[in-house]
Structure formats: C-alpha cells, structure tokens
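S.K.:
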Amino acid sequence: MGKIKAAIIGSGNIGTDLMYKLERSHLLELTAMIGIDEESEGLKRAKQKGYQVFSNGIDSMIENPTVADIVFDATSAKAHIRHAKVLKQLGIMAIDLTPAARGPFFCPAVHTNLSSMKLDNVNMITCGGQATIPIVHAINQVADVAYGEIVATISSMSAGPGTRANIDEFTITTRRGIEEVGGADQGKALIILNPADPPILMRDTVYCEVKNMNEPLIREAIEAVVEKVKQYVPGYRLKQEPLFDGNRVTVFIEVEGAGDYFPAYAGNLDIMTAAALRVGEDFARLMLNEQAINPSR
Numbered sequence: 000m001g002k003i004k005a006a007i008i009g010s011g012n013i014g015t016d017l018m019y020k021l022e023r024s025h026l027l028e029l030t031a032m033i034g035i036d037e038e039s040e041g042l043k044r045a046k047q048k049g050y051q052v053f054s055n056g057i058d059s060m061i062e063n064p065t066v067a068d069i070v071f072d073a074t075s076a077k078a079h080i081r082h083a084k085v086l087k088q089l090g091i092m093a094i095d096l097t098p099a100a101r102g103p104f105f106c107p108a109v110h111t112n113l114s115s116m117k118l119d120n121v122n123m124i125t126c127g128g129q130a131t132i133p134i135v136h137a138i139n140q141v142a143d144v145a146y147g148e149i150v151a152t153i154s155s156m157s158a159g160p161g162t163r164a165n166i167d168e169f170t171i172t173t174r175r176g177i178e179e180v181g182g183a184d185q186g187k188a189l190i191i192l193n194p195a196d197p198p199i200l201m202r203d204t205v206y207c208e209v210k211n212m213n214e215p216l217i218r219e220a221i222e223a224v225v226e227k228v229k230q231y232v233p234g235y236r237l238k239q240e241p242l243f244d245g246n247r248v249t250v251f252i253e254v255e256g257a258g259d260y261f262p263a264y265a266g267n268l269d270i271m272t273a274a275a276l277r278v279g280e281d282f283a284r285l286m287l288n289e290q291a292i293n294p295s296r
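Its first residue numbered 0, the sequence shown is counted upward by one per residue in numbering that gives the first Met the number 0.
(1) Under 8 Å: do the region 148-164 and the region 173-191 share three or more Cβ pairs, one atom per stretch?
(2) Give me the Cα-Cα distance between residue 102 and residue 120, rounded to the nearest whole angstrom.
(3) Report the CB separation of residue 172 from residue 98 in whole angstroms; it is logged as a contact under 8 Å.
(4) Taking C-beta to C-beta, are residue 220 and residue 138 nearer than 8 Å?
(5) In chain order, what residues of the same chain lie with their CB nearer than 6 Å to the CB of residue 202, ignoring the 5 residues before and after it?
(6) Spatial neighbours of residue 216 within its chain, please: C-beta separation below 6 Å, excluding the five flanking residues on both sides.
(7) Can you confirm whether the region 276-288 touches the region 36-49 when touching is taken to mean that 3 or more C-beta pairs between the two stretches lie within less than 8 Å?
(8) With DSSP run on the structure shown, which of helix, strand or coil describes residue 154?
(9) Quick one: any contact between the region 237-252 and the region 153-167, if contact means 3 or more CB pairs under 8 Å?
(10) In three-state DSSP terms, what is residue 196?
(11) Would the region 173-188 and the region 250-268 be scored as touching if the rule is three or more Cβ pairs under 8 Å?
(12) For a test of the three-state rule: what should DSSP assign to residue 144, helix, strand or coil?
(13) Cβ of residue 261 within 8 Å of Cβ of residue 204?
(14) Rounded to the nearest angstrom, what separates residue 228 and residue 235 at their Cα positions?
(15) Below 8 Å, can you find three or more Cβ-Cβ pairs linking the region 13-33 to the region 85-93?
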C-alpha cells in the first residue's frame, strides 16, 4: 500500500513536533514544510532532513498544488481563515491545529468511524480540548452532563507565539467542543500558563454536573476512554481517582509529552500533534481505500 502525501504549514513548535511524528507514519508521506521565516528552526530542521521547504506561506501551495493531498495547518486561527479558503479551492484536505474552527471538530477518541465522511477541513479543537473532551463525552454517555467545565494548565515555556495569539479563540473553541463533541448541555473552558521553573507537565481538570449519577458506570467510562487516548498519547493518564460529590464529578488528568521536539513537559503540544496525526492517518486510510476502488482517480 502506498502513502498519502502530506505537508505542514507552520514551522513553529507545533509544526516541528508534528514533522517528527509524520516521518514515522506508515500511511502519510511528509513532502514539505511551509513557513514564513526561512531562518525558523522548523524550516532549518526540515531542510536538513531533506524535505522541501518554502518560506512564502500559503502561496507555496498555490504555486505547488500537487505537493500534498493533506495539509496540516499549525499556524494561527486568523491565518487559517485564509488558508482554509485556498486549500478548499485547490481540492486539498486541511487538518487544522488552530482554534479557527472552519471545519467540524474532531477528537480521535470520540470519532472512531469515518467511513461515511467526505470532508475537506477538520478542526482539532485545542490542546485542552483534546485532553478533556474525551472525558466529558465518556461521562455524558452514561450520566448526561448538564454542565462541563475544564481548566487546562500548561507550562508557559511550552506556549509559543501561536499559542499565545490564540488564547481568546482557545476559550471559545474549547467551550464549543465541550458542548458539540463532549455532549454537555453547557460548557466552559479556561487556560492557565504556569511560569514555574522547572516547567510543569500539562495538567487538566474536568468538572461535570450530571443528571444521572452512577459512580460505577462513570468510573468505568472514564477508565475506558483514558485507555483509548493512551493508544496515541502514551503519556496521558489520570492524576488521581475521580472525585464524586452529589451530582458532581471531578477528573484530574496529566499529560506527559513524548519529547519528539520539545521536552516531556510540553504535553499540550504533544497531544495536539498526536491527535492530528491519528486523524490524518484515518483520513489517509479512507483516501487509499478510495484509490484502490477507483484507481483512475
């Protein structure tokens, strides 16, 4: 079986970490890294590895539309608004790692059946969303979540310019994800950049008010979804046992990164790139199956 060609737009922390993950993929072939600063660390590393590099941003895709079938956008929410339009016109699928939310939200621990989906843009929500929405969804499946609130705490050292520029979009998009993917009737999201040195691991608190409290079922659902997430983010784990108080459930998550580019404390970076890779591979599998059925396409 062949591979689907993929490119990364955005040569910052997230894009560079994703590069290391993509080069291990059996379904995606990384062809190019695209940025706007030819002196960026990401473009330098991509060039050293032999990938095509471009420093003229999305214009490089307009000039070289056959370089990729899937583009991972690791820039900013504002930039992706334009990128989404260009990529759609070119017929190239976009996997959006910004909170722009131009396409439907995706979380690989929740969206496990893509066989009937024909999409040109999917949104990976946020790092906090990828860490917490699977928990909200699991609880909602067995207990009906009326209100879901998450607090994502990350090391300030792991937050690059793109992450900092997207703080407002983070809260809006993550809240929508809690409701639209997690299933909560109402959601709320907060993010904290912790300046501690040495840097802390990513930690997330999930607080849910439920309509149908059932502790054994909720515990079972939480443990099952943690195992699902660990399949693509091995450093994802419960920090302690869930707490139950009346109709309230509180879950504490810790995410240790794989250390592909940034150190292990950057679990926020790692969970985004690992989730994006998993979704990209799922869609690549669909594309390869389509090619096998219709080889002329």
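The C-beta atom is built at its ideal place from N, Cα and C for all residues, glycine as well.
M.R.: Once the coordinates are examined:
(1) The region 148-164, when compared against the region 173-191, does touch it at the 8 Å Cβ threshold.
(2) 5 Å
(3) 4 Å
(4) yes
(5) The residues are 152, 253.
(6) Excluding sequence neighbours, residue 216 sits near 141.
(7) no
(8) strand
(9) no
(10) coil
(11) The answer is no - the region 250-268 does not touch the region 173-188, with fewer than three Cβ pairs under 8 Å.
(12) Three-state result, residue 144: strand.
(13) no
(14) When rounded, the distance between both Cα atoms is 7 Å.
(15) no
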